[in-house]
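Note sheet for the following structure.
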Amino acid sequence: MASEAPPFWWEEPDWKVLALSPLSAVYALVAGRGMRRARREKIEAPVLCIGNFTVGGTGKTPVAIALAQQAKRMRLKPGFLSRGHGGSFAEPHVVDVNHDSARHVGDEPLLLAEHAPVAVTPNRAAGARLLLERHGCDFLIMDDGFQSARIHIDYALVVVDARYGIGNGRVIPGGPLRARIVDQLVFTSGLLKMGEGSAADPVVRQAARAGRPIFEAHTEPSSKAGLAGKRFLAFAGIGHPEKFFDTIREAGGEVALSRPFPDHHFYAEDELAELAMTARAEGLGLITTAKDAARLRHGAQQDFLDRLDVLEIDTVFELEHVPERIIEETLDAWRQRKLKG
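Counting from 1, position 26 in the sequence shown corresponds to residue 29 in my numbering; the numbering is continuous, with no gaps.
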């Protein structure tokens, strides 16, 4: 299973989509109206949102990290805002990588926190104030929340996976879209096509016709050392595990066995025992993603973690100046907002 999303979302529309079309129409109406009528609090700092049109992983977190690194190079002090998938804190909480577990704050915030302070809360305005007042952040990057956040966004960069695009192009529950594309493009500042493939081309053309700039990027292993010539049992609980398996192959490793799990999956002891036993019996190494490793950090036995390889990835923009451009345009939009009061 590629993710918790129904497989038919990523296939040509069939009878299921037709049967769900009345519900999709209602969802689209409500979602579009919610985006248009939302009262968004203005924050005393620039806000850059990294979002997507659909449910499911498009590689937003590595993009957010790459832009935070660029912000630091520009002598800014970035901070991240995240809802925290599965998090358990009732009040805004700044992630502590040494003590917080993924069950408490979510897996992606743990990855982000290695690069800048992260406030985890559904109330992103409260999280923003926490980062500004207590941690001195002067540039905020919001990981997700494009459709639902109730703070003013100065620049919204929407990430689209080149391999999967927007699936069957239907709105939830008939497809993966969180709202109609026309409604979402109104709030889109720029579109980032991630990876290789042609599935995203129709929405890229639609965005271009709407006058939105189109950027391109891909992910690659942070270090290819140690993978070449090795055989692995690869497992991943992310939106599209196949992309992870392909990345291992591109880095020179062999995926002898693969085990996909649902996105944000928390591994039970028996699942980890089965993975370890199978890898040992087949003479394979174990390898997973950085997101999965974040969830395993406080939930797996040390001997399992000791034999586990973790494939770190970086976002690489096709044009080197693009990250700086996005940061600068976010700053410009914020300055204009300040002038208008």
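Note that CB positions come from ideal geometry on N, CA and C, so glycine has one too.
Proximal residues to residue i (C-beta, below 8 angstroms), its chain only, five neighbours per side dropped
| i | result |
| --- | --- |
| Leu188 | Gln209, Ala210, Ala213, Arg215 |
| Leu26 | Pro176, Gly177 |
| Arg340 | Lys45, His155, Asp157 |
| Ser315 | At residue 315 the sequence reads Glu, which differs from the Ser that was named. Pro224, Ser225, Ser226, Ala293, listed in sequence order. |
| Ala271 | none |
Proximity to residue i [Cα-Cα], best of the options
| i | options | result |
| --- | --- | --- |
| Thr191 | Val161, Val207, Ser24 | Val161 |
| Ala67 | Thr222, Ala28, Gln305, Ala41 | Thr222 |
| Lys80 | Phe142, Arg300, Thr318, Gln304 | Phe142 |
| Ala41 | Met145, Ser151, Glu14, Asn126 | Ser151 |
| Ile169 | Phe11, Trp337, Asp309, Ile330 | Phe11 |
| Ala297 | Gly344, Met38, Gly240 | Gly240 |
| His2 | Thr61, Pro265, Gln73, Ala116 | The chain is shown from 4 up to 344; residue 2 falls before or after that span and cannot be answered. |
| Tyr167 | Thr281, Pro112, Pro179 | Pro179 |
| Gln305 | Glu332, Ile330, Leu275 | Leu275 |
| Leu21 | Val174, Ala182, Thr292, Ile184 | Val174 |
| Trp18 | Val206, Ile184, Asn171 | Asn171 |
| Thr64 | Ala74, Lys75, Cys52 | Cys52 |
| Asp309 | Leu322, Val319, Thr291 | Thr291 |
| Pro224 | Met77, Gly256, Asp273, Arg338 | Gly256 |
| Ala165 | Gly37, Ile217, Phe149 | Ile217 |
| Leu70 | Val319, Arg338, Gly139, Lys343 | Val319 |
| Glu219 | Met77, Ile251, Ser201, Ser226 | Ser201 |
| Phe247 | Gly193, Val313, Ala282 | Val313 |
| Trp13 | Gly59, Glu321, Val98, Val29 | Gly59 |
| Val33 | Pro16, Ala182, Ala8, Arg76 | Ala182 |
| Phe149 | Leu194, Arg137, Ala8, His96 | Leu194 |
Integer-rounded CB distance, given that residue j should sit under 8 angstroms from residue i
| i | j | result |
| --- | --- | --- |
| Gly54 | Ala159 | 6 angstroms |
| Leu311 | Leu289 | 5 angstroms |
| Leu230 | Ala259 | Their Cβ separation, rounded to whole angstroms, is 13 angstroms, which puts Leu230 and Ala259 out of contact at 8 angstroms. |
| Phe92 | Val123 | 6 angstroms |
| Val163 | Ala203 | 4 angstroms |
| Thr61 | Met197 | 6 angstroms |
| Thr73 | Ile330 | With the sequence shown as reference, residue 73 is identified as Gln, and Thr is not the correct amino acid for it. So it is a contact: roughly 6 angstroms between Cβ atoms. |
| Asp186 | Met38 | 6 angstroms |
| Leu287 | Arg234 | 5 angstroms |
| Val206 | Ile184 | 6 angstroms |
Cβ-based neighbour list, residue i, same chain, cut-off 6 angstroms, excluding 5 preceding and 5 following
| i | result |
| --- | --- |
| Leu23 | Pro176, Gly177 |
| Glu332 | Tyr158 |
| Thr57 | Ile169, Pro179, Leu180 |
| His268 | Gly240 |
| His96 | Val123 |
Own chain, CB closer than 7 angstroms to residue i, minus 5 neighbours either side, in chain order
| i | result |
| --- | --- |
| Leu278 | Leu236, Phe238, Arg262, Leu289 |
| Ile154 | Arg43, Glu44, Ile46, Val50, Arg127, Ala128, Ala131 |
| Val100 | Leu113, Ala116, Glu117 |
| Leu135 | Glu47, Ala48 |
| Met4 | Its pLDDT being 35, under 50, Met4 is placed unreliably in this model, and the value from its coordinates should be taken loosely. Taken in chain order, the residues that qualify are Pro263, Pro265. |
| Ala336 | Asp157, Tyr158 |
| Lys294 | Asp110, Glu111, Leu114, Ile241 |
| Pro326 | Ala69, Leu70, Gln73, Phe320 |
| Ile251 | Leu230, Phe235, Ala237, Val258, Ile290, Leu314 |
| Lys75 | Pro81 |
Chain D within 8 angstroms of residue i, Cβ atoms only
| i | result |
| --- | --- |
| Asp99 | Among the chains in the structure shown there is no chain D, since it carries only a single protein chain. |
Tell me the start and end of each unbroken alpha helix (DSSP H) in the segment 137–205 that is at least 4 residues and wholly inside, in chain order. Fully enclosed alpha helix (DSSP H) runs of no fewer than 4 residues occupy 184–188 of the segment 137–205, in order along the chain.
Quick check for students: name the residue ranges of the beta strand (DSSP E) that lie wholly in the segment 65–102, counting only runs of 3 or more. Segments of the beta strand (DSSP E) lying fully in the segment 65–102: 81–85.
Can you find at least 3 beta carbon pairs, one from the segment 299–307 and one from the segment 102–118, that sit closer than 8 angstroms? Yes: at least three Cβ pairs fall under 8 angstroms.
Decide if the segment 84–99 is in contact with the segment 126–136; the criterion is three or more beta carbon pairs, one per stretch, under 8 angstroms apart. As far as the Cβ criterion goes, the segment 84–99 touches the segment 126–136, which means the pair count is three or higher.
Note down, one range per segment and in chain order, each alpha helix (DSSP H) of at least 4 residues found wholly within the segment 277–322. If one requires a minimum length of 4 residues, the alpha helix (DSSP H) runs lying completely within the segment 277–322 are 293–299, 305–309, in chain order.
Report the residue ranges of all alpha helix (DSSP H) runs contained in full by the segment 231–273; include only those spanning at least 4 residues, in chain order. DSSP runs (the alpha helix (DSSP H)) wholly in the segment 231–273: 244–253.
Could you tell me which whole beta strand (DSSP E) segments of length 3 or greater appear in the segment 6–55? Positions of the beta strand (DSSP E) runs, each at least 3 residues long and wholly inside the segment 6–55, are given as 50–54 in order along the chain.
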